[in-house]
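A.B. asks: Just passing along the structure, written as structure tokens.
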Amino acid sequence: MKRIVKDPEVRKRELIDTAERLFMAKGFEQTAISDIVHEINISQGTFYYYFDSKEDILIAVLEKEVADMERDLIRIADQNDLDEAVKLNTMINRFISITASGKKILSYIHQGKNSTLQKKLMNARPFHKIAPIMGEVILNGIEKGRFNTAHPIETSYLLIILLASVLHMVFLPNTFGRPRKYEKEGMIFRENMRLALEDLLGRTLGVSDYRFFVQI
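At position 214 of the sequence shown the residue is numbered 213 (numbering that gives the first Met the number 0), and the sequence of numbers has no breaks.
The structure is reproduced here in structure tokens:
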């Protein structure tokens, strides 16, 4: 079959989308580079033009998820009819509502055996564009007297770290399949985590007349 020449950005996106679909269907370890290139009828040389390894395209899939999230957060931030506390609450829940694909990728990366992937993820800094968006909302809230915190951008970065930790503790273990006997304990842990996080948000931002609600 004759191979079709495509714009480089279109081809790269096609590779990422195809890899994501195969990783979800077969698992990362069970998916070979040859599976990805065969799916879209390109050579392995073309794959290596865009990515150095299968691990690199896995990071690219996660970065695509984060880019989609970034667009959503900007849209939320631009809604002038929303109170800053409501905006931030909506952003928090959007952050937590990472897709099934994103959860599966993060769960794989955070396995103990994948230290190299973890370093690549840290170097990619996938959330460095998200914190400033939240920081701007916090700053606007401070200027309007809605929030009371001295360091809006630092608060947003700490918030991202906290949410990422919550995501890891509450959501990611479920991808491995817990025995049914632990389901009740997991629900109690999740509820306690939710209540603690909501209380912490209110205290950190100095908000007394709005109750944050975190959808975990």
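Where is the CB? At the ideal position from N, CA and C, for every residue including glycine.
All figures in this text were calculated on a predicted structure; none of them were measured in a lab.
When you compare each of Asn-139, Glu-184, Ile-108 to Val-60 by their alpha carbons, which one comes out closest?
C.D. replies: Measuring from the Cα of Val-60, the nearest candidate turns out to be Ile-108.
A.B. asks: Assuming Phe-46 and Val-36 form a contact by the criterion Cβ under 8 Å, report the distance between their Cβ atoms to the nearest whole angstrom.
C.D. replies: Right, their Cβ atoms sit about 5 Å apart.
A.B. asks: Does the region 135-148 come within contact of the region 160-168, defined as at least 3 CB pairs closer than 8 Å?
C.D. replies: As far as the Cβ criterion goes, the region 135-148 does not touch the region 160-168, which means the pair count is below three.
A.B. asks: Write down the C-beta distance between Glu-197 and Arg-210 rounded to the nearest angstrom, noting that I regard them as a contact closer than 8 Å.
C.D. replies: Their Cβ separation, rounded to whole angstroms, is 7 Å, which keeps Glu-197 and Arg-210 in contact under 8 Å.
A.B. asks: Taking one C-beta from the region 54-72 and one from the region 87-103 each time, how about it: are there three or more such pairs within less than 8 Å?
C.D. replies: Result yes; three or more Cβ-Cβ pairs closer than 8 Å.
A.B. asks: Between the alpha carbons of Ala-76 and Glu-153, how many angstroms are there, rounded?
C.D. replies: Answer to the nearest angstrom: the Cα atoms are 18 Å apart.
A.B. asks: For Asn-40, count the other beta carbons within 10 Å of its own beta carbon; 16 or more makes it buried, fewer makes it exposed. Which is it?
C.D. replies: With fewer than 16 Cβ atoms within 10 Å of its Cβ, Asn-40 is classed as exposed.
A.B. asks: Could you please give the first and the last residue of the uninterrupted alpha helix (DSSP H) stretch that includes Pro-218?
C.D. replies: A query on residue 218 cannot be resolved here, the shown segment of the chain reaching from 0 to 215 and no further.
A.B. asks: Quick one: residues in its chain with C-beta nearer than 7 Å to the C-beta of Thr-30, no 5 flanking neighbours on either side, listed in chain order?
C.D. replies: The answer, listed in chain order, is Leu-21, Phe-22.
A.B. asks: Inspect the beta-carbon positions of Glu-54 and Thr-115 and report whether they are closer than 8 Å.
C.D. replies: Yes, these two residues count as a Cβ contact at 8 Å.
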